[in-house]
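The structure appears below as structure tokens.
There are 2 protein chains.
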Amino acid sequence: MYSSELIKGTLKTIILKLLSENDKMYGYEITQKVKELTDGKIQLTEGALYPTLHALEADGILTTKTVNVGNRIRKYYTITKTGKKMAKEKVSEFREFMNTMVFLLDLKLNIG
Amino acid sequence: MYSSELIKGTLKTIILKLLSENDKMYGYEITQKVKELTDGKIQLTEGALYPTLHALEADGILTTKTVNVGNRIRKYYTITKTGKKMAKEKVSEFREFMNTMVFLLDLKLNIG
DNA sequence: AGATATACATATAAGTCTTATGTATATTTT
DNA sequence: AAAATATACATAAGACTTATATGTATATCT
Chain A
565 MYSSELIKGT
575 LKTIILKLLS
585 ENDKMYGYEI
595 TQKVKELTDG
605 KIQLTEGALY
615 PTLHALEADG
625 ILTTKTVNVG
635 NRIRKYYTIT
645 KTGKKMAKEK
655 VSEFREFMNT
665 MVFLLDLKLN
675 IG
Chain B
565 MYSSELIKGT
575 LKTIILKLLS
585 ENDKMYGYEI
595 TQKVKELTDG
605 KIQLTEGALY
615 PTLHALEADG
625 ILTTKTVNVG
635 NRIRKYYTIT
645 KTGKKMAKEK
655 VSEFREFMNT
665 MVFLLDLKLN
675 IG
């Protein structure tokens with residue numbers, strides 16, 4: 565698990581990227597997917613996730629659809645057209661930021 | 565200039581890395597060096613820089629030496645042995661974090 | 001003379017995230 | 001059968017970090 569200060573600021577980018585690649589996802593699913601894809605190194609907390617999802621919905625970046633699964637509620641989030649554009653911008657900005665940091669910190673990454 | 569939320573959490577890492585490579589630096593010098601090295605894409609604000617430098621000093625990560633240059637004060641910061649160790653850890657953690665994010669966001673970076 | 005650069009610093013507010021708490025059902029383990 | 005864990009939503013209070021604004025003062029450039 566990475567220190568929280570490192571992950572700060574990447575939450576929106578991660579959410580938007582995931583929802584760009586999946587038609588619809590619900591909150592809990594997002595936390596599990598991120599945990600799985602990062603081998604548990606990034607674990608989103610509910611206290612951070614839900615307010616962010618709500619804010620993105622309020623801004624028209626995401627839309628929701630509530631479904632009953634058994635007796636439980638599940639709230640699916642889908643990214644809008646505007647949201648997809650935003651996702652691309654966010655990911656792109658992060659890529660440039662990393663290039664800058666790689667240079668600044670003189671890093672050698674294990675990627676091709 | 566990158567959005568502030570992106571840069572959040574990298575301030576300490578940047579400061580420690582710079583001071584690991586330079587015997588001594590003063591606050592203003594750090595802001596200028598970062599601005600220069602990143603082509604103005606990362607500009608440290610004083611409101612963030614000085615409190616952080618003071619905190620690092622209080623924690624024994626940095627030591628200071630105040631010098632008079634003409635009629636002006638200049639406060640040099642030097643990294644301690646403990647600080648150098650911390651710098652290595654921070655940079656290393658950031659490297660691993662970036663590898664994780666590259667995978668998670670499916671990025672292609674422009675580095676060899 | 002005025003603007004910009006150098007050089008320190010702090011205070012208030014804004015923003016984001018953590019921790020803790022709450023509700024409720026489903027499944028697995030003991 | 002009871003207890004623990006997983007699923008699934010959500011919010012509130014506090015902590016932490018950073019931005020913005022402000023303050024002081026000298027040096028240099030136009």
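These protein sequence lines map, in sequence, to chains A and B.
Position 52, counted from 1, in the first sequence is what my numbering calls 616; the numbers after and before it change by one each time, with no gaps.
Position 83, counted from 1, in the second sequence is what my numbering calls 647; the numbers after and before it change by one each time, with no gaps.
C-beta atoms are modelled at their ideal positions from N, C-alpha and C, and glycine is treated no differently.
Check, Outcome
"Cutoff 8 Å: B:L613 Cβ touching any chain A Cβ", "no"
"Burial state of A:I637, where buried means 16 or more other Cβ atoms lie within 10 Å", "exposed"
"is_contact[B:Y641, chain A] using C-beta, thresh 8 Å", "no"
"Reference B:L620, options B:Y592, B:I643, B:V631 and B:E657, closest by Cα", "B:I643"
"8 Å Cβ cut-off: residues of chain B touching A:T765", "Any question about residue 765 of chain A goes unanswered here, given that chain A covers just 565 to 676."
"Cutoff 8 Å; reference A:K654; Cβ partners in own chain excluding five residues on either side", "K576, T577, L580 and K581"
"Contacts that B:E569 makes with chain A (C-beta to C-beta distance below 7 Å)", "G573"
"Residues of the region 648-663 of chain A whose Cβ lies closer than 8 Å to any Cβ of chain B, in chain order", "V655, E657, F658, R659, E660, F661, M662 and N663"
"Helix, strand or coil at A:L608 [DSSP, three-state]", "coil"
"Enclosing beta strand (DSSP E) for A:K629 [first to last residue]", "L626 to V633"
"Top-ranked residue by Cα proximity to B:L613, from B:V631, B:T602, B:E593 and B:F661", "B:E593"
"Within chain A, partners of B:I594 - CB distance below 8 Å", "What B:I594 touches in chain A: nothing, since even the nearest Cβ is about 12 Å away."
"Residue burial classification, B:T646 (beta-carbon count within 10 angstroms, cutoff 16)", "exposed"
"Residue nearest to B:T616 in terms of C-alpha spacing, selected from B:Y641, B:S656 and B:R659", "B:Y641"
"Counted within 10 angstroms of its Cβ, other Cβ atoms place A:F667 as buried (16 or more) or exposed", "exposed"
"Assigned exposure category for A:V598 - 16 Cβ within 10 Å defines buried", "buried"
"Contact list for A:I550 against chain B, beta-carbon separation under 8 Å", "Lying outside 565 to 676, the shown extent of chain A, residue 550 of chain A is not represented and no answer is given."
"Proximal residues of chain A, C-beta to C-beta of B:Y566 below 8 Å", "E657, E660, F661 and T664"
"Close beta carbons around B:K629, own chain, < 6 Å, minus the five adjacent residues each side", "Y640"
"Residue-chain proximity (B:I637, chain A), Cβ-Cβ < 8 Å", "no"
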